[in-house]
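Protein chains in written order, with numbering that gives the first Met the number 0: chain F, 0 to 208; chain A, 0 to 208; chain E, 0 to 208; chain W, 0 to 208.
Here is the structure we will look at.
There are 4 protein chains.
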Amino acid sequence: MAQPRIIAAQVKDAELVTERRAHIAQAAARVFRAKGFHSATIRDVAVEAGLSQGSLYNYVRTKDDILYLVHQDMTAAYARDVEAAIDGLTEPRARLHAALAAFVHAMRERHGDIALIYQETHALGAESRHAVLAQTQIFIERFGQLIEEAREAGMTFPGAGKLAADIVTFLPVMLSLRRWHIRDVMAGAEAEAEIVAFLMRGLGASDGP
Amino acid sequence: MAQPRIIAAQVKDAELVTERRAHIAQAAARVFRAKGFHSATIRDVAVEAGLSQGSLYNYVRTKDDILYLVHQDMTAAYARDVEAAIDGLTEPRARLHAALAAFVHAMRERHGDIALIYQETHALGAESRHAVLAQTQIFIERFGQLIEEAREAGMTFPGAGKLAADIVTFLPVMLSLRRWHIRDVMAGAEAEAEIVAFLMRGLGASDGP
Amino acid sequence: MAQPRIIAAQVKDAELVTERRAHIAQAAARVFRAKGFHSATIRDVAVEAGLSQGSLYNYVRTKDDILYLVHQDMTAAYARDVEAAIDGLTEPRARLHAALAAFVHAMRERHGDIALIYQETHALGAESRHAVLAQTQIFIERFGQLIEEAREAGMTFPGAGKLAADIVTFLPVMLSLRRWHIRDVMAGAEAEAEIVAFLMRGLGASDGP
Amino acid sequence: MAQPRIIAAQVKDAELVTERRAHIAQAAARVFRAKGFHSATIRDVAVEAGLSQGSLYNYVRTKDDILYLVHQDMTAAYARDVEAAIDGLTEPRARLHAALAAFVHAMRERHGDIALIYQETHALGAESRHAVLAQTQIFIERFGQLIEEAREAGMTFPGAGKLAADIVTFLPVMLSLRRWHIRDVMAGAEAEAEIVAFLMRGLGASDGP
DNA sequence: CATGAATGAGTATTCATTCAT
DNA sequence: CATGAATGAATACTCATTCAT
Numbered sequence: 000m001a002q003p004r005i006i007a008a009q010v011k012d013a014e015l016v017t018e019r020r021a022h023i024a025q026a027a028a029r030v031f032r033a034k035g036f037h038s039a040t041i042r043d044v045a046v047e048a049g050l051s052q053g054s055l056y057n058y059v060r061t062k063d064d065i066l067y068l069v070h071q072d073m074t075a076a077y078a079r080d081v082e083a084a085i086d087g088l089t090e091p092r093a094r095l096h097a098a099l100a101a102f103v104h105a106m107r108e109r110h111g112d113i114a115l116i117y118q119e120t121h122a123l124g125a126e127s128r129h130a131v132l133a134q135t136q137i138f139i140e141r142f143g144q145l146i147e148e149a150r151e152a153g154m155t156f157p158g159a160g161k162l163a164a165d166i167v168t169f170l171p172v173m174l175s176l177r178r179w180h181i182r183d184v185m186a187g188a189e190a191e192a193e194i195v196a197f198l199m200r201g202l203g204a205s206d207g208p
Numbered sequence: 000m001a002q003p004r005i006i007a008a009q010v011k012d013a014e015l016v017t018e019r020r021a022h023i024a025q026a027a028a029r030v031f032r033a034k035g036f037h038s039a040t041i042r043d044v045a046v047e048a049g050l051s052q053g054s055l056y057n058y059v060r061t062k063d064d065i066l067y068l069v070h071q072d073m074t075a076a077y078a079r080d081v082e083a084a085i086d087g088l089t090e091p092r093a094r095l096h097a098a099l100a101a102f103v104h105a106m107r108e109r110h111g112d113i114a115l116i117y118q119e120t121h122a123l124g125a126e127s128r129h130a131v132l133a134q135t136q137i138f139i140e141r142f143g144q145l146i147e148e149a150r151e152a153g154m155t156f157p158g159a160g161k162l163a164a165d166i167v168t169f170l171p172v173m174l175s176l177r178r179w180h181i182r183d184v185m186a187g188a189e190a191e192a193e194i195v196a197f198l199m200r201g202l203g204a205s206d207g208p
Numbered sequence: 000m001a002q003p004r005i006i007a008a009q010v011k012d013a014e015l016v017t018e019r020r021a022h023i024a025q026a027a028a029r030v031f032r033a034k035g036f037h038s039a040t041i042r043d044v045a046v047e048a049g050l051s052q053g054s055l056y057n058y059v060r061t062k063d064d065i066l067y068l069v070h071q072d073m074t075a076a077y078a079r080d081v082e083a084a085i086d087g088l089t090e091p092r093a094r095l096h097a098a099l100a101a102f103v104h105a106m107r108e109r110h111g112d113i114a115l116i117y118q119e120t121h122a123l124g125a126e127s128r129h130a131v132l133a134q135t136q137i138f139i140e141r142f143g144q145l146i147e148e149a150r151e152a153g154m155t156f157p158g159a160g161k162l163a164a165d166i167v168t169f170l171p172v173m174l175s176l177r178r179w180h181i182r183d184v185m186a187g188a189e190a191e192a193e194i195v196a197f198l199m200r201g202l203g204a205s206d207g208p
Numbered sequence: 000m001a002q003p004r005i006i007a008a009q010v011k012d013a014e015l016v017t018e019r020r021a022h023i024a025q026a027a028a029r030v031f032r033a034k035g036f037h038s039a040t041i042r043d044v045a046v047e048a049g050l051s052q053g054s055l056y057n058y059v060r061t062k063d064d065i066l067y068l069v070h071q072d073m074t075a076a077y078a079r080d081v082e083a084a085i086d087g088l089t090e091p092r093a094r095l096h097a098a099l100a101a102f103v104h105a106m107r108e109r110h111g112d113i114a115l116i117y118q119e120t121h122a123l124g125a126e127s128r129h130a131v132l133a134q135t136q137i138f139i140e141r142f143g144q145l146i147e148e149a150r151e152a153g154m155t156f157p158g159a160g161k162l163a164a165d166i167v168t169f170l171p172v173m174l175s176l177r178r179w180h181i182r183d184v185m186a187g188a189e190a191e192a193e194i195v196a197f198l199m200r201g202l203g204a205s206d207g208p
């Protein structure tokens, strides 16, 4: 279930709250990427966001809340990338392929965000962590759906077991977490292509007779 | 090149130093797994290791050093698992398969360690981080070697591109980092088998004619 | 001399000011009794009073002012209790007795207020504190007066020294400050009676021949 | 039951702990008397005690702990005064009288401490507060005992009801809490005498036939 | 070599007060 | 006169590291 954790704010103007929170999340993301969540100080975030510390706390209850906002933003961002890529496409096989390509690309392009997610999710409090993982799970299920639809359209995946959607949403993360290594081996676009190919082959994907 | 970072010690007796460091690393690993690196205090580690804080600092310069020792231990551990699995085997194809199975198994069994590695590596200072990544790179190359040997023995891998070794050493990590999800879906052994199968299929592995 | 400290207000309409201040004082009293002066926030008080923080500051200059208003209210309240009790009575001996009984009763019934007064008066700024103590002093003198009048009416108080009025206005406070203990020992009405009896005996009160 | 709350310390040397805590309590008492508990800062206390803030926290867990230590010290101090006064006396009537005189004197002499106790006890956390009140209760009971012994020795107290011990241990507090007023009225020794006399008369104390 | 007490720099969070709208 | 968002100063507490014994 997606149960977006509700963060209470001191400020009443709801529109202002969402606007400022988006602003804060983006500023915080920059700070966290640069220094890491633990080393980053609330003051750093406030300065980067152009707010006083006091004001910051009108929109956020704790440092954890900030990390949560950042996570939300980031996971929403790549999910949006994927949806944008398949928007307009109706052919299930094309949709699956486009989704995969978009996700793989996002993992490389948004490498800073992705690394942050994988490094700092454990720093979230239990509640926030669960909310974030729930969001991730929905994303995984989304890919399960796309695979299923392609199958119904006649495609066959003899290699797709129960973990198919998990694998498909995990392996591309390599482009972010192994960036230090891959960067030395080949160009980014090439790497993306290889990942996509590997996944399709792993799934045993082939257009039915 | 793996150039294991040298940590200076106060104590002269070299044997004592290595012995104590191993002891510290294991104690610290327990503490870090339980509380995370940042929440864990030096005092926690000292207590768990049965040392005074002062003594601890005779074998280690900083908290960072401890994390480095832990990393070293952990990466060495799963590398050892793989070597143990292929020890005695001479047939390249069998060796590759055994290595893969052992690695996949280690990723599931040592999930606490693996999660720690992926969450806390970025907390290491530059020098330590490079040393650890170098060790990882060697491990990746080791799998590249195993693949190469299998190929020379007649096996074909039409799907193995430049990233083959990276993929093979990354996807199994999913068993640790997605544990929260996979646990709900299927049994551990089954998951391991699916990962191995996926990888072999992705590589296009087949015994030559 | 009681020179009620004058609190400057932003607002001109004098009637509105006194009305709102009374309202604020009562709301604040509830909040302070519940959470204590230091733990209570201006926001708490504003919410309880149904005002915005900004408005609050139109009637009050500082948090200290609020505490002062509360003090004024509270000391006035028990003083009023006493006056109400002797209102209509003309016989000096009866008046003294009634005043005493009323005061003792007030100390028990208004225990929350009394405790607050004794705990938080020192938190007032010098000026406010002096104003409050002056008010208290007037109250003490009022009892001195009642004793004097009873004496003139023929009653004798061989035990009444210079501190008589102080004692009479202090001992009953025990019903509030030792409430935690007395509550376990006896019923409230009984305790009141014992205090009154003790005081009369201590004064050596007896109706002259 | 007196259940002195146990405060955990970081430091192991038990002797050092008690010594330092006594030192801290005395320094803190000075600071608290001067500025009040809430306005006083941990830094103030540390400076007054000649310790670093860090060291302070090796002997104490929270600011509350410090207040508790101060309370303990203060209540123990006047209890000791009383015991010292009756030490050596065997005649129950003399003992009661001496205890009373000593207590009354302590309330005047230690006025700063007493005021602090009555103003700041409510700032203690529940656990500490209960421990302190338990200590006070024991003190009250001690006076109940002394009265009882005097009665057994033939003294009569027709005015002593259930609250006798409470009254006797409360009224003298006036010398501290009404100091601002009494000081203007009469000399300290004289005030003490009047309080003692009032109490004895209130109790109806008289040596039996 | 071992010990453990001392240290002080570092930081999230709160809240009275102000002021533009 | 009312509102409520902005502010920044203030503070308890933590912990890696040092060093005298």
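All C-beta atoms in this analysis are idealised placements derived from N, C-alpha and C, irrespective of residue type, glycine included.
Residue i: contacting residues in chain E (beta-carbon distance under 8 Å)
i, result
"W/M154", "None at all; the shortest Cβ gap to chain E is about 16 Å."
Contact with chain A by residue i, beta-carbon distance below 7 Å
i, result
"F/E126", "no"
"F/F31", "no"
Beta-carbon proximity of residue i to residue j, cut-off 7 Å
i, j, result
"F/I139", "F/A164", "yes"
"F/G236", "F/F156", "Summary: the structure shown does not reach residue 236 of chain F, with chain F confined to residues 0 through 208, and so no result is reported for it."
"E/E148", "E/P91", "yes"
"E/G111", "E/R32", "yes"
"F/T71", "A/Q118", "The question names Thr, but residue 71 of chain F is Gln in the sequence shown. The answer is no: Cβ separation not under 7 Å."
"A/Y58", "A/V16", "yes"
"E/I85", "E/A97", "yes"
"F/F197", "A/I166", "yes"
Chain-ordered chain E contacts of residue i [CB-CB under 9 Å]
i, result
"W/Y117", "Y117, Q118 and L176"
Chain F within 7 Å of residue i, Cβ atoms only
i, result
"A/K161", "yes"
"A/R109", "no"
"A/G201", "yes"
Chain F contact residues for residue i, given Cβ-Cβ distances below 8 Å
i, result
"A/G35", "H121 and A122"
"A/I166", "L170, M173, I194 and F197"
Residue i at chain E interface by Cβ criterion, 7 Å
i, result
"W/M223", "Missing from the structure shown is residue 223 of chain W; chain W here goes from 0 to 208 and no further."
"W/L132", "yes"
"W/L262", "Any property of residue 262 of chain W remains undetermined from this structure, which presents chain W solely from 0 to 208."
"W/I85", "no"
"W/A39", "no"
"W/E140", "no"
"W/M185", "yes"
Exposure label - residue i; buried when at least 16 CB within 10 Å
i, result
"W/D206", "exposed"
"W/L95", "buried"
"A/G153", "exposed"
"W/P171", "buried"
"A/D64", "buried"
"W/V44", "buried"
"E/I23", "buried"
Integer-rounded CB distance, given that residue j should sit under 8 Å from residue i
i, j, result
"W/L123", "W/L66", "6 Å"
"F/L176", "F/A101", "That pair is no contact at about 19 Å."
"W/A105", "W/D80", "4 Å"
"F/V184", "A/K161", "5 Å"
Chain-ordered neighbours of residue i on chain A, where CB pairs are closer than 9 Å
i, result
"F/G53", "By Cβ distance, chain A contributes nothing, its closest Cβ being about 26 Å from F/G53, past 9 Å."
Cutoff 7 Å: residue i Cβ touching any chain W Cβ
i, result
"E/G158", "yes"
Within chain F, the residues that residue i reaches when beta carbons sit closer than 9 Å
i, result
"A/L66", "None at all; the shortest Cβ gap to chain F is about 13 Å."
Under 9 Å by beta carbon: chain W residues contacting residue i
i, result
"E/A180", "Just to set this straight, residue 180 of chain E is His in the shown sequence, not Ala. What E/H180 touches in chain W: L132, T135, Q136, I139 and D165."
Chain A contact residues for residue i, given Cβ-Cβ distances below 7 Å
i, result
"F/A190", "L162"
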